[in-house]
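For the sequence shown, the tail end lands on 306 under my numbering, and the numbers increase by one without skipping. Reading through the structure tokens given below for one structure.
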Amino acid sequence: MEIATGYDIKMEFKIENQEKKLDAEILKISSNSEYLLKIQDKERNLKILNMTAEGIEFMLDNTYHFAKYLENTTAKMTLVVDGVKITFDKHSKLDEIVYKNSGVESGVDSQISLKSQIPGRVVSINVAVGDNVKKGDVVCVLESMKMQVSIKSHKDGVIKTMKIKQGNSVAKNEILVEIE
């Protein structure tokens, strides 16, 4: 999973039968499978061993764990880790990151181009050429790493051109639609 540097990658998670939400943050990505995390102000080392449709095998501070997927949506993921149910708020600032990296801040071309911040597969398209959109309207939904991300319009306008088709894959920074 590619994560842009310079952003706070933070999540909240709640353990079943506990009232308090806990905070987690990715501090450093050492490789595709190794991460330095901060969980409740304590640094932890995470190494992903295997990811399948059923779950994730991982080492956290040299201790083996298995997490089974129960639910996975754009906003939340529910897992059972070693028999304990945990729900993650995937990213409370995901919309801000997608807006900031949609291309709106980097020149004349980007004023009309809505770009993908992540590589993924187009799951759904919510607009058509000629449609009016407002800033924040969902233009399409991309799926990457079993996570669905709603891509929202970076401004008010009219869909000028459509550069995507449902089911096709897109690369990071690829133009999805042009909005005038």
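Beta carbons: idealized from backbone N, C-alpha and C, even for Gly. Note that this is a predicted model, so its numbers are computed, not measured.
Check                                                                                                                                             : Outcome
Classify G262 as buried or exposed, calling it buried when 16 or more other Cβ atoms lie within 10 Å of its own Cβ.                               : exposed
Mind the definition here: the region 283-296 touches the region 245-257 only if three or more C-beta pairs lie below 8 Å; say whether that holds. : yes
Give the C-beta separation of L153 and L163 to the nearest angstrom, bearing in mind that I take them to be a contact with Cβ-Cβ under 8 Å.       : 7 Å
Following the continuous beta strand (DSSP E) through Q274, name the residue where it begins and the one where it ends.                           : M273 to K278
Which one of L268, F184 and E304 has the shortest CA to CA distance from I244?                                                                    : L268
Using CA atoms only, rank isn't needed, just tell me which of I305, M273 and I251 is closest to N294.                                             : I251
Quick check on this structure: which residue in K173, E197 and I305 has the alpha carbon closest to the alpha carbon of F184?                     : K173
Determine the DSSP secondary structure at V253, reduced to helix, strand or coil.                                                                 : coil
G233: buried (16+ other C-beta within 10 angstroms of its C-beta) or exposed?                                                                     : The predicted model places G233 with a pLDDT of 43, which falls under 50 and marks its position as unreliable; any figure quoted below should be read in that light. Counting Cβ neighbours within 10 Å, G233 comes out exposed, since fewer than 16 surround it.
Looking at C-alpha atoms only, which residue of V265, N299 and M273 is the closest neighbour of M288?                                             : V265
Quick one: what does DSSP say D235 is sitting in, helix, strand or coil?                                                                          : Because the pLDDT at D235 is just 37, under 50, the model does not fix this residue reliably, and the point stays unresolved.
May I ask you to report which of helix, strand or coil DSSP gives N299?                                                                           : coil
Could you give the distance in angstroms between the alpha-carbon of D187 and the alpha-carbon of K168?                                           : 11 Å
Helix, strand or coil for T308 per DSSP?                                                                                                          : Only positions 127 to 306 of the chain appear in the structure, and residue 308 is not among them; the question remains open.
Tell me the DSSP secondary structure of S159 in three-state form.                                                                                 : coil
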